[in-house]
Amino acid sequence: MASSLSGGNRLSLAMERTGQWIISQDIPSDVVVEVGEANFSLHKFMLVAKSNRIRKLIMESKQPDLTRIDLSDIPGGPETFEKAAKFCYGVNFEITVHNVAALRCAAEYLEMTDKYYENNLTGRTEDFLAQVALTSLSGAIVVLKTCEDLLPMAEDLKIVQRCVDVATSKVSIEAKFPSRSPKNWWTEELSILDIEFFGRVIASLKLRGVKALTVASAIITYAEKWLRDLVRDHSGTAAKLAASDDSDLRLQQRELLESIVEILPTEKAVLPINFLCCLLRSAIFVKASSTCKTELERRISAVLEHVTVDDLLVLSFTYDGERLFDLESVRRIISGFVEKEKSVAVFNAGDFREVCSAAVIRVAKTVDAYLGEIATCVGLSISKFNGIASLIPKGARKVDDDLYRAIDIYLKAHPNLDEIEKEKVCSVMDALKLSYEARVHASQNKRLPVQIVLHALYYDQLKLRSGVDENDVQDAITTRSQVQHDVSLARENEELRTELLKMKMYITDLHKTGPAAVATTSSCKGGGGPKKAKFFSSMSKKLGRLNPFKQGSKDTSNIMDEDVDITKPRRRRFSIS
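In UniProt numbering, the protein residues as written are 1 to 577.
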């Protein structure tokens, strides 16, 4: 209602002004020109002198005395027609960069050319365009902005293309030789344009060979201005307003974002990574097309070795930072990077599983640190956590300390996991690749499942026995299969504890009673002798299964019962892990 009243007031004022400049109050007006809701009472003879269109309407009318002419479709509306009518009446008015395009289109519409009147409105506006408006970048941009409401006539009259050409030429010069400070001041000038015209200027800059960094700076300024709530606002306030009920605003943001992504430079690493991540988060938020999101994911994946943890967190959390987004985008970005590196490794005839590039190693550290940040989220499932962790090749992690830290944080944030679920979380980590400090921590970590603790303890035991240097990674690889086999028998080891204690007590009794007891036992008739021999034989076989050095000189699994000299029992060392 307020807008209609203000529109009516403007029309009333326009009529009052028209009454002030018509040629004479003594000569009554003989025609009313309708332009939208505005009515202009004018004189035919003043209009037909300079407008061929009005002349034809009057002459071709079937009415003997035409009193009303409808020109509602004139470019620029009532305000522009008022200036054209003033020109017909010889009343002075100012032509500016803000109205010259509309006046040029109106002159074309009214056929106010030099053919019907010398130095007519068409020629006057053309002179202003050539001599004033299109001589500077600011002027060309303002004229181009006004053409947004003058299509398609402004396009047909080549006004749009002329403005684009001038803007492109001026920008290319400013990029090389800045004329004012700051040197990228022109990006703010371009940012007033509609996305369609802005895209045409960007396309023209690319064709002219302007540097990709120059083009990128203009796009960044434009996106930060028109998508400020999504790209630059991190408080979540504006995003919440946009997400409330305003579906029209969401649709506008989606279309604008998709258009911006389409005009991004194709060159690698010309756009800041954080900017790309903000665009992708915005695309997820406004539910942009899959093509738009895939393109942004591809660009981020191409430079993933330079991405920081904070950049990935921008993608992962909502604007208020309270909950996780769908982590599928992060997973696809990492997966795309790994596949690219794998292709490079295959091309170079390398083994991607064991030897990784420096870029992959950097990404591995970033991903592990990222997992540590999102591990505290209660809504993060085991499958999503493991899905991201397992994307990194095993060879990219020299040590799994960062991954162990992320797992420990996850287990601490999810205390209700059972033993099987804990083992699933830990399945992405190799306990043999933990540093000494991490293994010490793991051995005392009650949150870890028993199997992982045994891994760490048994590996330390192997190192102590073999005397291998802590930094010998190859040793961890060669002993991995043996350790995994031994750990599978850990539960059986627990079951044998009781039998081992019984055997210790028996050997202690032998030492106390001496050789006489041994002789008595040997000469004893009945089933007593054979039972003791059978006991030793079964225990030796069971312990042999647990012996990690079974193929070495300490293998006792094949010793026959009759070869055991119980008169001089051999001292054995039993280690219970």
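The beta-carbon is built from N, C-alpha and C at its ideal position, and this holds for glycine as well.
For Phe93, no alpha helix (DSSP H) encloses it, and the DSSP letter there is neither H nor E. Taking all protein chains shown into account, Asp30 has fewer than 16 neighbouring C-beta atoms within 10 Å of its C-beta and is therefore exposed. Of all C-beta pairs linking the region 158-166 to the region 112-128, fewer than three are shorter than 8 Å, placing the two stretches out of contact.
Per the DSSP secondary-structure output, Arg68 pairs in a beta bridge with Val32. For Leu42, the uninterrupted beta strand (DSSP E) segment begins and ends at 38-42. With a contact defined as Cβ atoms closer than 8 Å, Ile195 and Ile219 miss out at about 11 Å.
Between the beta-carbon of Leu230 and that of Phe285 there is about 6 Å, and that keeps the pair under the 8 Å contact cut.
Here Phe285 carries a helix assignment [DSSP, helix/strand/coil]. Closest in alpha carbon position to Leu296, among Arg104, Leu315, Val171, Glu305, is Leu315. In summary, Asn416 is exposed, with fewer than 16 beta-carbon neighbours lying within 10 Å of its beta-carbon over all protein chains present. Beyond the five residues adjoining it in sequence on each side, Met59 comes within less than 7 Å, by CB distance, of no other residue in the same chain.
In the DSSP annotation of this structure, Tyr319 is not part of any alpha helix (DSSP H), being labelled neither H nor E. About 5 Å separates the beta carbons of Val428 and Asn386, which is inside the 8 Å limit, making them a contact pair.
Linking Pro152 to Leu213 through their CA atoms gives a straight-line distance of about 33 Å. Assignment of Arg332 by DSSP, reduced to helix, strand and coil, places it in the helix class. Taking C-beta separations shorter than 7 Å and ignoring five residues to either side along the sequence, the partners of Phe198 in its chain run Leu190, Tyr222, following chain order.
Spatial neighbours of Val142 in its own chain (CB-CB distance under 7 Å, excluding positions within 5 residues in sequence) are listed in chain order as Val97, His98. Apart from the 5 residues on each side of it in sequence, Asn184 sits with its Cβ closer than 7 Å to the Cβ of Ser217 in its chain, given in chain order. Counting along the chain, Glu419 sits inside the alpha helix (DSSP H) bounded by residues 419-426.
Taking 8 Å as the cut-off, the Cβ atoms of Phe40 and Ala85 count as close.
Spanning the alpha carbons of Ala359 and Val307 requires a straight line of approximately 11 Å. Close CB contacts of Asp401 within its chain, under the 7 Å cut and outside five residues either way in sequence, are with Leu434, Ser435, Ala438 (chain order). In this structure Phe87 is buried. Its beta-carbon is surrounded by 16 or more other beta-carbon atoms within 10 angstroms. By a beta-carbon distance limit of 8 Å, Val453 contacts Ser443. Their separation comes to about 6 Å. In terms of Cβ geometry, Val35 and Leu71 form a close pair [threshold 8 Å]. Look at Cys163 here: in three-state DSSP terms it is helix. When the alpha-carbon of Ser289 is set against those of Thr318, Leu312, Leu257, the nearest one is in Leu257. Rounded to whole angstroms, the Cβ separation of Ala302 and Cys356 is 18 Å, and the two are not in contact under 8 Å. Straight across, the Cα-Cα distance linking Gly76 with Ile263 is about 30 Å.
No residue range can be given for Tyr116, since it is assigned to no alpha helix (DSSP H) and is classified by DSSP as neither H nor E. Fully enclosed alpha helix (DSSP H) runs of no fewer than 4 residues occupy 358-374, 382-389 of the region 357-400, in order along the chain. The Cβ atoms of Leu411 and Cys377 lie no closer than 8 Å to each other. Contact between Lys145 and Leu193 is confirmed by a C-beta separation of about 6 Å, below the 8 Å threshold. Looking at the backbone, the Cα of Leu57 and that of Glu94 are separated by about 28 Å. Judged by beta-carbon spacing, Ile300 lies beyond the 8 Å limit of Leu327, meaning their Cβ atoms are not closer than that value. Here Tyr370 has Val309, Leu312 as same chain residues with Cβ atoms under 6 Å from its own Cβ, once five neighbours each way along the sequence are excluded.
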